[in-house]
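Peer 1: Residue numbering for the sequence shown follows our numbering, starting at -17 and increasing by one per position.
The beta carbon of each residue, even a glycine, is placed where N, CA and C say it ideally should be.
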Amino acid sequence: MLDREVAGGTSPSNIFVCGLSQGGALAIASVLLYPKTLGGCVVFSGSLPLSKSLADRIPSEARKTPVLWFHGMADGLVLFEAGHAGCAFLQELGMTCEFKAYPTLGHTLVDEELQYFQQWIKDRLSQGTGVPLLSLSDNRDLH
-17 MLDREVAGGT
-7 SPSNIFVCGL
3 SQGGALAIAS
13 VLLYPKTLGG
23 CVVFSGSLPL
33 SKSLADRIPS
43 EARKTPVLWF
53 HGMADGLVLF
63 EAGHAGCAFL
73 QELGMTCEFK
83 AYPTLGHTLV
93 DEELQYFQQW
103 IKDRLSQGTG
113 VPLLSLSDNR
123 DLH
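(1) Between which two residues does the alpha helix (DSSP H) carrying residue 107 extend?
(2) Report the CB separation of residue 49 from residue 25 in whole angstroms; it is logged as a contact under 8 angstroms.
(3) Which residues does DSSP list as the beta-bridge partners of residue 79?
(4) Along the alpha helix (DSSP H) that carries residue 72, what are the first and last residues, could you check?
(5) Once the 5 residues before and after residue 103 are set aside, which same chain residues still bring their CB inside 6 angstroms of it?
(6) Could you work out which residue in 28, 41 and 55 is closest to residue 18 when comparing CA atoms only?
(7) Do you know how far the Cα of residue 53 is from the Cα of residue 86?
(8) Grouping DSSP H, G and I as helix and E and B as strand, with all else coil, what is residue 36?
(9) Let's test the definition: count the other Cβ atoms within 10 Å of the Cβ of residue 9 and tell me whether it reaches 16, buried, or not, exposed.
(10) Measuring CB to CB, does residue 2 end up less than 9 angstroms from residue 13?
(11) If you run the structure through DSSP and keep just helix, strand and coil, what is residue 1?
Printed below as a string of structure tokens:
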């Protein structure tokens, strides 16, 4: 899917892979196995599905993809410790991984996460060299 987007003309710096729970695990695995630097990866209440023995297989360009990781400390499905350990592992690899902990949050999303997530992506898009970000609230004709 990532190759198809790039082949279609999308700059890798404009591609963000995001997911919740198992989707978050799939998102981070996709980023770590992709040979190019992407705009970013966002994990909501997920874990890292790769073992440390695979660390040397992670392409150097993939290690440049920034990661934002959200996790609730009251998550009973994917334990907080698993999320925190995943982000710490990425940091050990030299990756940028910002971890946001929410003390009372279980295995779900809250508006505060989504607002931070939105701004985080906007910030990275504004730093890139790809096409400018259009907001649906810009009141422009997108047809």
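Peer 2: Taking the geometry as given:
(1) First-last of the alpha helix (DSSP H) with residue 107: 93 to 109.
(2) At roughly 7 angstroms, the Cβ-Cβ gap stays under 8 angstroms, so residue 49 and residue 25 are in contact.
(3) Residue 79 is bridged to 49.
(4) Here the alpha helix (DSSP H) through residue 72 covers 62 to 74.
(5) Result list for residue 103: -2, in chain order.
(6) Among 28, 41 and 55, the Cα nearest to that of residue 18 belongs to 41.
(7) One alpha carbon belongs to residue 86, the other to residue 53, and they sit about 10 angstroms apart.
(8) Looking at residue 36 - three-state DSSP - the assignment turns out to be helix.
(9) Result: buried.
(10) 9 angstroms or more divides the Cβ of residue 2 from the Cβ of residue 13.
(11) Looking at residue 1 - three-state DSSP - the assignment turns out to be strand.
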